[in-house]
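One structure is given below, encoded as structure tokens.
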Amino acid sequence: MTTILPNIAKVRDRIQQAAGKSGRNLSEITLLAVSKTRPASAIAEAHAAGLVHFGENYAQEAQAKLDALAHLPLVWHFIGPLQSNKTRLVAERFDWLHSLDRLKLAERLQAQRPAGLPPLNVCIEVNIDDEGSKAGIDPAGLDRLVAALAGMDRLAVRGLMVIPRAGQPPAATLASFRRTADLLAGLRQRYPTLPLDTLSMGMSADLELAIEAGSTIVRVGTDIFGPRV
Ligand SMILES: *Cc1c(COP(=O)(O)O)cnc(C)c1O
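The sequence shown begins at 1058 in my numbering and counts up one residue at a time.
Here you go:
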């Protein structure tokens, strides 16, 4: 036995409390279990506890788990940095990509997404705290990428993903999440026909702040599966 089941109950309780505090509807917030480095058995256990959405960061590791768990009705999200030569796995096997940060990736995914599948849901990763080495595009480049995505029928541009600067005080993290929400609100105004309804933000340590700022997908690893070893 692991502690996955009680951990999920605790995380759900935190989400519910945070939603209540902000007057938000619980049904707007999806719990995405980040299963990188975890065995397929842990994912099956989390699924038995009611979770459906799982996030993976590494293509090779993900492929083995997708194969092992193909019998379960899971929704797979790719959330890590994606190399251009690894797009095919995401295009063919995943439901979501949270870390789209350049046009080249979008073009490859558009070409590789099989016609028999629904469009791949994508979130654009934004480097919201302007960190030198961080993944994600500069907010100034957002419109140009969104405009290009609008013409790609195999991709559905759903919103934005961020990871705020580590080690900030809570008020600064909240401000980063709020700026992200403002960026999405601007895009929704300028691109009213696009399905821009998603803010992928908040992890184990800061999901309450993210929900306060409007998060619709929280990505939780450690507080569900325990510390990564
Ligand atoms: C690992 C990871 C998470 C989960 O982080 P925890 O602190 O373990 O909850 C969320 N998002 C991304 C992009 C990650 O790589």
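Cβ atoms here follow ideal geometry from the backbone N, Cα and C, with glycine treated the same way.
Note that the coordinates shown come from a computational prediction; the quantities given were computed from them, not determined experimentally.
Membership of Ala1090 in the beta strand (DSSP E) is indicated by the continuous run 1087-1091. In the structure shown, Ser1141 falls within a helical segment according to DSSP collapsed to helix, strand and coil.
Counting only runs that start and end inside the region 1147-1191, the beta strand (DSSP E) elements of at least 3 residues fall at 1153-1157, 1177-1182. Spanning the alpha carbons of Gln1140 and Asp1070 requires a straight line of approximately 36 angstroms. Ligand 1 approaches Asn1114 closely enough that one of its heavy atoms is under 7 angstroms from the residue's Cβ. Using a cutoff of 7 angstroms, the CB of Asp1280 counts as near ligand 1, since one of the ligand's heavy atoms is closer than that. By the C-beta criterion, the region 1194-1213 is judged not to be in contact with the region 1128-1147, since fewer than 3 inter-stretch pairs fall below 8 angstroms. Ala1097 is positioned such that its CB atom lies closer than 8 angstroms to that of Leu1126. Leu1177 and Arg1145 do not touch by the CB rule: their CB atoms are close to 12 angstroms apart, not below 8 angstroms.
The criterion of a C-beta distance shorter than 8 angstroms is not satisfied by Gly1216 and Leu1199. Around the CB of Lys1122, 16 or more other CB atoms lie within 10 Å, so the residue is classed as buried. Counting along the chain, no alpha helix (DSSP H) covers Leu1256; the unbroken beta strand (DSSP E) around it starts and ends at 1255-1257. Measuring C-alpha to C-alpha distances from Thr1087 to each of Asp1254, Arg1285, Gly1283 identifies Asp1254 as the nearest. Look at Ile1220: its beta carbon is less than 7 angstroms from one of the heavy atoms in ligand 1. At least 8 angstroms separates the beta-carbon of Ala1105 from that of Ala1090. A Cβ-Cβ distance of about 6 angstroms is found for the pair Ile1065 and Ile1281, placing them in contact under the 8 angstroms criterion.
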